[in-house]
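S.K.: Residue numbers (the working numbering): 1464 to 1748.
1. Go through the region 1624 to 1655 residue by residue and report every complete run of the beta strand (DSSP E) that reaches 3 residues or more, in order.
2. So is residue 1478 buried or exposed if we call it buried at 16+ other beta carbons inside 10 Å?
3. With 16 other CB atoms within 10 Å as the buried threshold, where does residue 1588 fall?
4. Leaving out the 5 sequence neighbours to the left and right, which residues in its chain are closer than 8 Å to residue 1417 when beta-carbon positions are compared?
5. My assumption, with CB atoms under 8 Å, is that residue 1624 sits in contact with residue 1653. Please give the rounded CB distance.
6. Whose C-alpha, out of 1483, 1606 and 1644, is nearest the C-alpha of residue 1582?
7. In angstroms with no decimal places, state the Cα-to-Cα distance between residue 1630 and residue 1499.
8. Could you tell me whether the region 1600 to 1617 touches the region 1538 to 1547, where touching means 3 or more Cβ pairs closer than 8 Å?
9. Are the CB atoms of residue 1528 and residue 1495 nearer to each other than 9 Å?
10. CB-CB under 8 Å to residue 1534, same chain, minus the five flanking residues each way: which ones, in chain order?
11. Please check the pair residue 1576 and residue 1611, which I expect to be a contact at CB under 8 Å, by giving their CB distance rounded to whole angstroms.
12. Using the Cα positions of residue 1607 and residue 1620, report the straight-line distance between them to the nearest angstrom.
13. Based on Cα-Cα distance, which residue from 1647, 1482, 1605 and 1546 lies nearest to residue 1504?
14. State the Cα-Cα distance for the pair residue 1637 and residue 1594, rounded to the nearest angstrom.
15. Nearest to residue 1526 by alpha carbon, out of 1580, 1507, 1647 and 1639?
16. Considering only the alpha carbon of each residue, which of 1647, 1622 and 1613 lies closest to residue 1586?
17. Cutting at 7 Å between CB atoms, please list the residues of its own chain near residue 1543, excluding the five before and the five after it.
18. Within a Cβ cutoff of 6 Å, which residues of the same chain sit near residue 1481, ignoring the five residues on either side of it in sequence?
19. Using 8 Å for Cβ pairs, my map puts residue 1483 next to residue 1531. What's the rounded Cβ distance?
20. I need the boundaries of the alpha helix (DSSP H) containing residue 1524, first residue and last residue.
21. Per the DSSP calculation, residue 1479 is bridged to which residue(s)?
22. When you compare only the Cα positions, how much space is there between residue 1622 and residue 1640?
23. Relative to the alpha-carbon of residue 1476, which residue among 1502, 1501 and 1524 has its alpha-carbon at the smallest distance?
24. Any heavy atom of the ligand COA closer than 8 Å to the CB of residue 1609?
25. Which residues bound the alpha helix (DSSP H) around residue 1544?
Shown next, in the form of structure tokens:
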């Protein structure tokens, strides 16, 4: 049964969006298309200039195939005909203000999370810190208390896949640079990795986060929480307490780490690597 569930997640998913052109901004749809040599049309770009477009395009990702526009099957049309469908004005001179697009998401991800953030002024703090952690995409390590992402759907542990349509692969793009160069609206698409017990991560910097993290550390001997979640829990616990008390004493820190038991010996190296990261962050407070 589990194998069938995996296959279902990997099957292409259909999507449908309706876009409306705004007066005076007729040429901006927030969507870039390109026709392949085989006649198929794919999404090659997503623009964050218009928040309305981003809300409509929440189910669309770069690499998806667009199959129909306003009911017309694109594979049966020429390049000129497809361009005409996207033109702000129709052949009879009328305004082409409403577009209904249908397509297929070949790389559909049921764990995708879409966040639209509005920057009130140019130097506003986004408040997102990430790390490579040997993954293909940067992983969120911290969400600043007063940052723009505080009230968004993003959580610690999410892996950022794109910012304003630009993929954030570690070898290609720097996440911080992408966020800094973004305009007023920042559209972030992240991947949420499920935990073993299905529990949701909590936000750093709150008393609830501290107490919950402490309870999870005390219950480590039960062996019900995966290694990665335990490390993240420890990181949040140290960070949140550091904010509240300026610095943890060495005795308190040693006591915390001594209670962090390991049930699998081969995981010791991974724990030490995470501890090095925690230590480097701990010294900043």
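Just so it is clear, CB atoms sit at the ideal spot from N, CA and C, and this is done for glycine as well.
M.R.: Answer, in terms of the structure:
1. Entirely contained in the region 1624 to 1655, the beta strand (DSSP E) runs reaching 3 residues are, in chain order, 1648 to 1654.
2. buried
3. exposed
4. Residue 1417 is absent from the structure shown; the chain starts at 1464 and stops at 1748.
5. Going by Cβ atoms, the distance from residue 1624 to residue 1653 rounds to 6 Å, so yes, they are a contact pair.
6. The residue from 1483, 1606 and 1644 with its alpha-carbon nearest to that of residue 1582 is 1644.
7. 20 Å
8. Contact between the region 1600 to 1617 and the region 1538 to 1547 is not established, with fewer than three Cβ pairs separated by less than 8 Å.
9. no
10. 1563
11. No, residue 1576 and residue 1611 are not in contact; Cβ-Cβ is about 16 Å, not under 8 Å.
12. 14 Å
13. Comparing Cα positions, the closest option is 1546.
14. Cα to Cα, residue 1637 sits roughly 11 Å from residue 1594.
15. 1507
16. 1647
17. none
18. Once the five neighbours on either side are set aside, the close Cβ partners of residue 1481 are 1563.
19. Not a contact, Cβ separation roughly 18 Å.
20. Here residue 1524 belongs to no alpha helix (DSSP H), and DSSP marks it neither H nor E.
21. 1565
22. 16 Å
23. 1524
24. The ligand content of the structure shown is nil, which means the ligand COA is not present either.
25. 1542 to 1549
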